[in-house]
Every structure is written in C-alpha cells, then in structure tokens.
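Participant:
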Amino acid sequence: MRKKRKGSEADTGENAQEEVIPTCDLKSSNVRSHYSLEDYNRLKKRCKEDRGREPVTSFKSRLAGIATAPPCGASSSLVLPGRGLKRKIGCIDVATQTGRKNKFEDDYILGDAIGRGKFGSVWLCRSKVTGVEFACKTLQKGEETVHREVEIMQHLSGHPGVVTLHAVYEESECFQLVMELCSGGRLIDQMVDEGRYSEQRAANIFKDVMLVIKYCHDMGVVHRDIKPENILLVSLGKMKLADFGLAMRISNGQTLSGLAGSPAYVAPEVLLGNYSEKVDIWSAGVLLHALLVGGLPFQGDSLEAVFEAIKNVKLDFHTGIWDSISKPARDLVARMLTRDVSARITADEVLRDCWHVPCQRNLHSLLISEYLLSGLPPL
Ligand SMILES: Nc1ncnc2c1ncn2[C@@H]1O[C@H](COP(=O)(O)OP(=O)(O)OP(=O)(O)O)[C@@H](O)[C@H]1O
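Going letter by letter, the sequence shown gives residues -12 to 366 in the numbering used here.
1. Of all the alpha helix (DSSP H) runs that stay within the bounds of the segment 273 to 341, which reach a length of 4 or more residues?
2. Cβ of Leu219 within 7 Å of Cβ of Arg173?
3. What residue from Phe231, Met323, Asn89, Val149 has the CA that sits closest to Val133's CA?
4. I'd like the span of the alpha helix (DSSP H) that includes Leu152, first residue to last.
5. Per DSSP, Gln161 forms a beta bridge with which residues?
6. Which value, in whole angstroms, describes the spacing of the CA atoms of Gln286 and Val280?
7. Could you say which of Tyr252, Glu264, Ser185 lies nearest to Trp309 if we only look at CA atoms?
8. Taking C-beta to C-beta, are Leu243 and Tyr262 nearer than 7 Å?
9. Assuming Met206 contacts Val337 under a Cβ cut-off of 8 Å, what Cβ separation, rounded to an integer in Å, is found between them?
10. Starting from Tyr252, trace the beta strand (DSSP E) in both directions and tell me its first and last residue.
11. Do the segment 187 to 194 and the segment 321 to 330 touch if we need at least three Cβ pairs shorter than 8 Å?
12. Should Glu136 be labelled buried (16 or more other beta-carbon atoms within 10 Å of its own) or exposed?
13. When every heavy atom of ligand 1 is checked, does at least one fall within less than 6 Å of the C-beta of Gly107?
14. Would you call the segment 154 to 168 and the segment 105 to 125 touching, i.e. three or more CB-CB distances under 8 Å?
15. Quick check: the Cα distance between Asp212 and Thr117, rounded to an integer number of angstroms?
16. Is it buried or exposed, Ser270, if we count other Cβ atoms within 10 angstroms and call 16 or more buried?
17. Which stretch, first to last residue, makes up the beta strand (DSSP E) that contains Lys227?
18. Under 6 Å: does the beta carbon of Leu168 sit that close to some heavy atom of ligand 1?
19. Only counting the same chain, and skipping five residues up and downstream in sequence, which positions put a Cβ closer than 6 Å to that of Lys225?
20. Compute every distance between the C-beta of Val149 and the non-hydrogen atoms of ligand 1, then say whether any falls below 6 Å.
21. Pro147 to Ile139, Cα distance in whole Å?
22. Which value, in whole angstroms, describes the spacing of the CA atoms of Leu152 and Thr306?
23. Within a Cβ cutoff of 6 Å, which residues of the same chain sit near Lys265, ignoring the five residues on either side of it in sequence?
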C-alpha cells in the first residue's frame, strides 16, 4: 500500500491544527514559512526545546501535505483533459526514460548532499560522460505522490523558470531525478541574510516568479507550495521554481480540495475546502509582502492563530513600513491578497500590472521610494 505524503485529504480534520511547530529542521522550509523572518531566532530556540517530539509526520502529513496523488496511471477526477495539458498523465515520459536503460550509478558519480526535504534527499552528482554537475533527488516509491511529482516535472520541464529535469532513473525502491543544478541557494536564505528588498530588486525576482506561475497555470498545473524555500537561485539573479511535490493538474473550471501548502502562505479558500490555481497568486502575494516588508503578513503564535489571521486579518497598507513603499506596489499586494477569489487577480493580470513593468504613471513613485530607501538622490 502506498503511504500518504504531502497532501492527503484524509488529514484535513482537526489534527491539522494541533501542531504549532511541525519540524525543527531549520534547514527545511517549515519554520521559516510559518513565521516572520524576524521571529526566526525566537523559533530556533523553541525548535531546540521541541526537538525530540514527533518530527516530520506531524506537519506535512497533517497540514501541508494533503491532497493525495492518484497512483500512477490511475484515473482521477482531478486529472481531466484541459488547458495546456500537452501530455496525458502517465508514469514516466519518454523524454526522460533514457535513464531506465542504465542504472543511475552507471552514468553518474554521486557527491555530497546539498539539500534535504522531508520526503527526499538531494545530492550533487556528476555525469561520467560529460563531467557536468547535476542535482539528484531521490524519491522513495512508497510515497503516493512521488509519481505525480515526477510526471508534473516532466510536463513542465523546459521552461527557463522551472528546474529542468534531465533524466529519471526508476529503480525498484525509488526514483532518481537528475535535475539541473541550481547553485545559488534558496531565496529564503538570501531573504533572511539580507532583510527587505528594494522595490526594484523585489520587482525583478517577483516578475520571474510570476512568469513561471503563469506558465504552470497555462500548462494546467497548480503548484500549491509557492514560497521562498522553493525558489532556487541561479546566476545573474535568475530563479527557478522547484519542489512540485504538492503540485496538481487542474483543468478549466475545475476545483481542488484538500489542505495543502505551507501555513503562512496558504490561501484562505484552502482552509475552507475548494480552490483553484488562484491559491498560487495568494502565496505569491505573501512572498511579495515578505520581499517588500521583510516579514510575513499573517502571523500568530499557533497554527490556529496563523489560520485565523489568514481568514480575517485586514492588512493596513497605510502605516508603518508601507509608508516608504510605492502605491503601485501596495495595490498589487492588496489585489493578490484578496480573499474574494473571483476578485483576486490572475497571473496574467499580475504580469500586466504597472508596478514591475514600470510605466510612465508609476515610475516616479518607484524612484521616490528607491530614493527613500537608499538615501541617494533619484536619477
Ligand atoms: N535542482 C536543485 N539544485 C540545487 N539544490 C536543490 C535542487 N533541488 C532541490 N535542491 C535543494 O534540496 C532541498 C530540498 O529539495 P525539495 O524542496 O525538492 O525537496 P522536498 O522533499 O520536496 O522538500 P520539502 O521538504 O520542502 O517538501 C531544496 O530546499 C534545495 O536546497
């Protein structure tokens, strides 16, 4: 029997709210995702105290992971032909089947561990033929959603904003996913190190994030776990979206159910039941807030409090730090963090927004806020 991984509908009950700090692995995304960046040190201490309690099973299995993937090849109401579905859902796509002929170790030399998620380890590896370095993610087959993660990565691979899947090796117990190596680290680590971003810098990274979200939506995929922990940096300030472990196929007009995501980034409608690809817009709005302000918009001392804030807190864009942020930037965050899903803007509309494509109308206010932040005179 397959185990349930991130996203099992069965876990949407009251247990979902029991766990406050689900994991103490500070290298993982959870602690940072749930709380403000400023709270990081405080949480570090609490995590230390909590160490020894039930670790991984409590979090993604109860909260983040929630919609189960259909077993590979099984039919599912969530896998319908729809927009952008360039291939039918299946197991392993031909393009990445080459690895099946050989074993992984015939073709690659395994190096050091470079990342660890709750459901897989990521290693450095080097091609024996070309000498090129890659990242290799090992996914144990027992996990129900593993097949879906592989399939969705194959479906999306090729876009400059998606981590390219180079090869898939299917072994009896696991899949080895050979991916392009993103050596710039995670956006979250840069955010923690550097604090809030200038509007110009935030706009640069945010635009790339939105381009890849729009691509996913056009391809009929909802990522469901947009957060800076899943944004990997590459050279020249470019980024790649990673970790499609919670991603789901969706067709036009279809809705998903099941609690999935990371608490601080989760959209209110996810907590209520039915939702669509617009959840990624909400999460990207939380990310934009974090980039501009240096903290998360919806916080609390418990998971319940965070959810309560997501459902009810009215953000005030007129006081405090927002004073130094341009009106177009504030407006964009507000339009993304709109609880009324039909009023929330789409990825396309976000990309057409004037803030990150400075137009005549708001260029001036952007320059003013850059000036206020930097102390340098505007150009
Ligand atoms: N292509 C890559 N290049 C470089 N590092 C990577 C790559 N893919 C993943 N990593 C590293 O490995 C970590 C874990 O990867 P990933 O998020 O895919 O695993 P996961 O088990 O699905 O994680 P999570 O616990 O967030 O669900 C990432 O945070 C990152 O540090």
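Here a beta-carbon is modelled for each residue, glycine too, at the ideal position from N, C-alpha and C.
Facilitator: For this structure:
1. Listed in chain order, they are 290 to 299, 314 to 323, 334 to 339.
2. At a Cβ-Cβ threshold of 7 Å, Leu219 and Arg173 count as neighbours.
3. Of the listed residues, the one whose Cα sits closest to Val133 is Phe231.
4. Boundaries around Leu152 are those of the beta strand (DSSP E), 152 to 157, since no alpha helix (DSSP H) includes it.
5. One detail in the question is off: residue 161 reads as Cys in this sequence, not Gln. Cys161 pairs with Gln127.
6. Answer to the nearest angstrom: the Cα atoms are 14 Å apart.
7. Of Tyr252, Glu264, Ser185, the residue nearest in Cα terms is Ser185.
8. A contact, by the Cβ cut-off of 7 Å.
9. That belief does not hold up - the Cβ atoms of Met206 and Val337 are roughly 17 Å apart, past 8 Å.
10. Unbroken run through Tyr252: none, as it is neither H nor E.
11. Three or more beta-carbon pairs separated by less than 8 Å are not found between the segment 187 to 194 and the segment 321 to 330, which leaves the two stretches without contact.
12. When all chains shown are included, Glu136 counts as buried.
13. Yes - ligand 1 has a heavy atom lying nearer than 6 Å to the Cβ of Gly107.
14. Judged by Cβ distances under 8 Å, the segment 154 to 168 makes contact with the segment 105 to 125, as three or more pairs qualify.
15. Using only the alpha carbons, I get a separation of about 34 Å.
16. Ser270 should be labelled buried.
17. Start and end: 226 to 228.
18. At least one heavy atom of ligand 1 sits closer than 6 Å to the Cβ of Leu168.
19. Same-chain partners within the cutoff: there are none.
20. Answer for Val149: no, Cβ out of range of ligand 1.
21. Rounded to the nearest whole angstrom, the CA to CA distance from Pro147 to Ile139 is 15 Å.
22. Their backbone Cα atoms lie some 45 Å apart in a straight line.
23. Closer than 6 Å at the Cβ level, and outside the excluded window around Lys265, lie Val328, Arg331.
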